[in-house]
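**Student:**
Number of protein chains: 2
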Amino acid sequence: MDSQIINKEKGTEAKILDAARNIFHTKGLAGARMQEIADEAGINKAMLHYYYRSKEQLFDAVFKEAIGRIFPIIVQILSYEIPLFDKIRIFVKEYIRLMRENPYLPGFVINEITQHPDKFANLFAEKGIEFPKVFYDDIKNSAEKGEIINIDPLMLIVNIIALCIFPVVAKPVIKGIYRLTEEDYNDFMEKREYEVADFIINSISMNNKNGDK
Amino acid sequence: MDSQIINKEKGTEAKILDAARNIFHTKGLAGARMQEIADEAGINKAMLHYYYRSKEQLFDAVFKEAIGRIFPIIVQILSYEIPLFDKIRIFVKEYIRLMRENPYLPGFVINEITQHPDKFANLFAEKGIEFPKVFYDDIKNSAEKGEIINIDPLMLIVNIIALCIFPVVAKPVIKGIYRLTEEDYNDFMEKREYEVADFIINSISMNNKNGDK
DNA sequence: GTATTGACTAACCATTTAGTTAATACAAAA
DNA sequence: TTTTGTATTAACTAAATGGTTAGTCAATAC
């Protein structure tokens with residue numbers, strides 16, 4: 001009944017998936033050990049195979065779930081019918097927040113896709129995920145109407161995603177280089193939730209910039 | 214004598230390092246196999262241990278080299294005494310080019326630092342690498358003089374790095390989502406070598422923007 | 001001409017690891 | 001109470017993997 005709410009007595013299968021998520025997200029497919037996942041879940045290793053047959057299938061379950069968390073939200077927000085700048089602001093804020101809540105998610109996904117690009121292509125096609133053409137068109141139209149500078153929509157989209165995701169993926173690098181404490185880093189990322197949108201909008205706004213050339 | 218120039222008859226130690234670089238960069242520490250490295254080098258597995266003692270020490274050699282390739286160049290370019298905008302243009306162009314030439318390098322480094330942050334910190338301190346304060350000050354000064362908008366230097370620096378590195382790290386994701394061919398992707402990245410600087414400079418330029426709030 | 005050394009190999013060893021199996025606990029159905 | 005099917009475990013297996021060893025070979029030293 002209230003199984004979603006009460007966390008204490010999860011079924012074994014769910015406990016396994018939780019544990020697998022923790023381990024796979026932090027160590028990746030190659031670095032994860034079935035025994036470690038079993039320990040994390042507090043159950044016998046044989047149960048992993050009982051419920052998920054093999055390491056690969058358990059991994060696939062985790063990976064699918066991760067893809068399902070990263071992409072649909074992009075699709076959803078970017079499909080709103082609101083002015084471009086508002087859309088950018090909402091997207092940036094929500095996406096950075098999402099990444100901060102799941103800090104290992106983007107690195108995990110990027111890494112595993114790099115390692116098995118084929119698997120990703122299949123899954124992506126199979127799930128029917130598609131990047132919202134709406135947003136692409138938004139940018140194109142705004143550019144044509146002269147509301148923003150003339151920019152290849154793909155260029156802008158990649159810039160937006162890069163600014164949201166990179167600082168999360170590279171967290172330990174940034175912390176290391178600038179000797180930031182965990183708190184420093186958190187403050188920094190919180191500021192980004194709104195400043196990144198400013199940065200982007202500043203860049204594509206017309207103002208008095210001498211249009212083409 | 215001319216050992217550096219002629220590439221055909223490398224010493225065994227160098228062959229091992231080359232092979233190890235290939236394998237570790239693409240598969241990471243956990244995913245790499247000593248046998249595979251030996252095969253790639255065309256030598257016996259025992260030689261890996263003969264020259265480098267253990268997998269970990271071989272990995273360290275590769276990792277150190279990678280750190281040495283990624284950071285010193287940043288430091289160097291960002292220390293030039295030239296106007297800020299020129300510096301940004303040169304840096305972006307050179308850095309994107311460097312990343313494209315070593316496409317697995319940034320992902321490898323980020324990933325392994327995430328997995329062993331401690332090791333990175335040590336190495337970083339030991340090598341005495343330090344992020345150029347000059348550039349930080351450049352930004353701060355330009356902001357104070359009103360030549361650019363008021364922005365936290367760290368924020369800008371992270372944005373610049375993100376825009377350079379992310380599209381390389383996430384190459385298979387971008388290709389997958391937008392169904393780009395290798396050629397499409399290359400064209401895209403070539404465009405970025407100069408457009409990214411425009412994007413950044415646009416964003417921080419004063420123009421007629423009504424300064425503060 | 002013999003001893004020594006560095007480079008190298010094949011075979012081996014110990015451990016780890018994914019996966020299997022056979023036995024058992026347990027609850028629900030008959 | 002017996003039966004039956006599901007959940008769970010301890011113990012095991014086979015393959016993979018990092019690392020070692022004993023020994024070969026060619027060049028160099030003495």
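Note that the protein sequences, when read in sequence, are chains A and B.
1 is the number of the first residue of the first sequence in the numbering used here; add one for each residue after it.
214 is the number of the first residue of the second sequence in the numbering used here; add one for each residue after it.
Note that the Cβ used here is the ideal one computed from N, Cα and C, for glycine as well.
1. Which runs of the alpha helix (DSSP H) at least 4 residues long sit entirely within the stretch 310 to 362 of chain B? Give them in chain order.
2. Which residues in the same chain have their Cβ closer than 7 Å to the Cβ of E112 of chain A, if we skip the five residues on either side of it in sequence?
3. Let's test the definition: count the other Cβ atoms within 10 Å of the Cβ of G68 of chain A and tell me whether it reaches 16, buried, or not, exposed.
4. I'd like to know whether the C-beta atoms of I414 of chain B and F304 of chain B end up nearer to each other than 8 Å.
5. As a quick exercise: from B:M419, B:I374, B:F321 and B:G244, pick the residue whose alpha carbon is nearest that of P286 of chain B.
6. Quick check: the Cα distance between F199 of chain A and L163 of chain A, rounded to an integer number of angstroms?
7. List, in chain order, every chain A residue whose beta-carbon is nearer than 9 Å to that of M368 of chain B.
8. Count the C-beta pairs between the stretch 144 to 162 of chain A and the stretch 121 to 128 of chain A that are closer than 8 Å, then say yes if the count reaches three, no if not.
9. Which stretch, first to last residue, makes up the alpha helix (DSSP H) that contains E203 of chain A?
10. Rounded to whole angstroms, what's the CA-CA distance from Q4 of chain A to N22 of chain A? Just pull it up for me.
11. Cα separation between Y407 of chain B and I256 of chain B?
12. F108 of chain A: which of A:H25, A:N150, A:L17 and A:V196 sits nearest, CA to CA?
13. With 8 Å as the threshold, decide whether the Cβ of F120 of chain A is near any Cβ in chain B.
14. Count the other C-beta atoms from every protein chain shown that fall within 10 angstroms of the C-beta of I165 of chain A, then say buried if there are 16 or more, exposed otherwise.
15. In three-state terms, what does DSSP make of Y80 of chain A?
16. Just to confirm my understanding: we take S205 of chain A, look at its own chain, exclude 5 residues before and 5 after, and list those with CB closer than 8 Å. What are they?
17. Let's test the definition: count the other Cβ atoms within 10 Å of the Cβ of D137 of chain A and tell me whether it reaches 16, buried, or not, exposed.
18. Who are the near neighbours of A197 of chain A in its chain, counting only those whose CB is closer than 6 Å to its CB and skipping five residues on each side?
19. With I157 of chain A as the anchor, note down where its alpha helix (DSSP H) starts and where it stops.
20. Between A:K191, A:V134, A:I96 and A:N122, which has its C-alpha nearest Q76 of chain A's C-alpha?
21. For T181 of chain A, is the classification buried or exposed, using 16 other Cβ atoms within 10 angstroms of its Cβ as the cut-off for buried?
22. Between M260 of chain B and A251 of chain B, which are expected to be in contact by the criterion C-beta below 8 Å, what is the C-beta distance as a whole number of angstroms?
23. Is the CB of Y391 of chain B under 8 Å away from at least one CB in chain A?
24. From this set, B:A245, B:H329, B:I229 and B:E278, which residue's C-alpha is nearest Y263 of chain B's C-alpha?
25. Following the continuous alpha helix (DSSP H) through N257 of chain B, name the residue where it begins and the one where it ends.
26. Smallest Cα separation from N159 of chain A: which of B:N399, B:R405, B:K358 and B:I283?
27. Check whether chain B comes within 8 Å of G107 of chain A, counting only Cβ atoms and requiring the distance to be less than that.
28. What residue range does the alpha helix (DSSP H) around A15 of chain A cover?
29. Give the straight-line distance between the Cα atoms of R33 of chain A and D18 of chain A, rounded to the nearest whole angstrom.
30. If you measure between the beta carbons of I169 of chain A and I82 of chain A, is that distance less than 8 Å?
31. Taking Cβ to Cβ, would you say P132 of chain A is nearer than 8 Å to L78 of chain A?
32. Hey, F215 of chain A and G389 of chain B are a contact pair by Cβ (cut 8 Å); roughly how many whole angstroms apart?
33. So, does the CB of S416 of chain B fall closer than 8 Å to a CB anywhere in chain A?
34. Does DSSP put R266 of chain B in a helix, a strand or coil?
35. Just verifying my parser: in three-state terms, what is the DSSP assignment at R392 of chain B?
**Tutor:** For this structure:
1. Those alpha helix (DSSP H) runs which fall completely within the stretch 310 to 362 of chain B and span 4+ residues are 318 to 328, 330 to 340 and 346 to 357.
2. G28, L29 and F63, listed in sequence order.
3. The C-beta of G68 of chain A has fewer than 16 other C-beta atoms within 10 Å across all chains shown, which makes the residue exposed.
4. Pairing I414 of chain B with F304 of chain B gives a Cβ-Cβ distance that is not under 8 Å.
5. Per the sequence presented here, residue 286 of chain B reads as Ile, with Pro not at that position. Looking at the Cα atoms, B:I374 is the closest of the given residues.
6. Rounded to the nearest angstrom, the two C-alpha atoms are 10 Å apart.
7. Those are F188, K191, R192, E195, V196 and F199, listed as they occur along chain A.
8. Judged by pairs of C-beta atoms under 8 Å, the stretch 144 to 162 of chain A does not touch the stretch 121 to 128 of chain A, as fewer than three such pairs exist.
9. The sequence given here has Ser at residue 203 of chain A, not Glu. Counting along the chain, the alpha helix (DSSP H) containing S203 of chain A begins and ends at E182 to I204.
10. Low confidence applies to Q4 of chain A: its pLDDT is 27, below 50, so where it sits in the model is not reliable enough to give any reading.
11. Separation of Y407 of chain B and I256 of chain B (C-alpha to C-alpha, rounded to the nearest whole angstrom) is 43 Å.
12. The option with the nearest alpha carbon to F108 of chain A is A:H25.
13. The beta carbon of F120 of chain A sits closer than 8 Å to some beta carbon of chain B.
14. Answer is buried; the Cβ neighbour count reaches 16.
15. Coil, per DSSP.
16. Within the same chain, S205 of chain A has close Cβ partners I148 and I149.
17. So D137 of chain A counts as exposed.
18. Around A197 of chain A: I88, R89 and V92.
19. For I157 of chain A, the uninterrupted alpha helix (DSSP H) segment begins and ends at P153 to V169.
20. Of the candidates A:K191, A:V134, A:I96 and A:N122, the one whose C-alpha sits nearest the C-alpha of Q76 of chain A is A:V134.
21. By the neighbour-count rule (16 or more Cβ atoms within 10 Å), T181 of chain A is not buried but exposed.
22. So it is a contact: roughly 7 Å between Cβ atoms.
23. With its beta carbon less than 8 Å from one in chain A, Y391 of chain B belongs to the interface.
24. Closest in alpha carbon position to Y263 of chain B, among B:A245, B:H329, B:I229 and B:E278, is B:I229.
25. Where N257 of chain B is concerned, there is no enclosing alpha helix (DSSP H), given that its DSSP letter is neither H nor E.
26. Of the residues B:N399, B:R405, B:K358 and B:I283, the one whose Cα lies closest to the Cα of N159 of chain A is B:R405.
27. For G107 of chain A, the answer is yes, since a Cβ of chain B falls inside 8 Å of its Cβ.
28. Note that residue 15 of chain A is Lys in the sequence shown, not Ala. From DSSP, the alpha helix (DSSP H) with K15 of chain A extends over T12 to G31.
29. Between R33 of chain A and D18 of chain A, the alpha-carbon positions lie close to 15 Å from each other.
30. Looking at the sequence provided, one finds Val at residue 169 of chain A rather than Ile. It is not a contact, given that the beta carbons lie outside the stated cut-off.
31. Yes.
32. Residue numbering for chain A in the displayed model covers 1 to 213; residue 215 of chain A lies beyond these limits and cannot be assessed.
33. So yes, S416 of chain B belongs to the interface.
34. Judged by DSSP in its simplified three-state form, R266 of chain B adopts coil rather than helix or strand.
35. Three-state result, R392 of chain B: coil.
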